[in-house]
Amino acid sequence: LFEKTGSGGHCVDCAGNTQGPHCEECAANNWRRRGEHYCVACNCNEIGSLTLQCDETGQCPCKPGVDGQFCDHCKNGFYEFSKTGCKSVHLSNHLINRSVLFRVYNSIMHVISV
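Using full-length UniProt numbering, you'd call the opening residue of the sequence shown number 1 and step up by one each time.
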């Protein structure tokens with residue numbers, strides 16, 4: 001215990017979402033605002049976040065196309081919030097346009113061959 005704490009003392013029942021020999025660090029999935037002695041829950045969205053642990057500013061790590069401090073909604077230009085992230089509207093439009101062009105091409109080719 002002395003090697004761990006430097007004094008032999010050890011806090012019991014840390015408050016404010018803290019842990020460690022002197023309650024000096026945040027418990028998992030919590031973060032500390034500058035100058036504060038307690039820690040705040042990250043509250044990362046389980047669907048939109050890569051992990052439930054946020055960074056030192058409280059920002060959760062978002063999946064592709066996901067936005068917000070808690071990764072709880074799609075970025076502008078993205079849709080379909082899901083466990084894999086959000087899909088790009090631009091990519092979707094590109095795929096739709098290819099499909100439409102393919103059908104038009106097939107229709108033209110059919111008319112030409114008749």
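Built from N, CA and C at the ideal position, the CB exists for glycine as well.
Inset, instruction - Return the residue from the list T84, C62, H22 that minimises the CA-CA distance to G9. - result: H22
Legend entry - Segment limits, beta strand (DSSP E) that includes F78: 78 to 82
Inset, instruction - Measure the Cβ-Cβ separation of F70 and N43 and say whether it is below 7 Å. - result: yes
Legend entry - Buried/exposed call for G85, threshold 16 Cβ in 10 Å: buried
Legend entry - Whole-angstrom distance between Y79 and V89, CA atom to CA atom: 7 Å
Inset, instruction - Spell out the partners DSSP gives C62 in its beta bridges. - result: S49
Legend entry - Endpoints, beta strand (DSSP E) assigned at C86: 85 to 88
Inset, instruction - Classify E25 as helix, strand or coil using the three-state DSSP reduction. - result: strand
Legend entry - Residues bridged to V40 (per DSSP): W31
Legend entry - Length of the line joining the Cα atoms of K75 and D67: 5 Å
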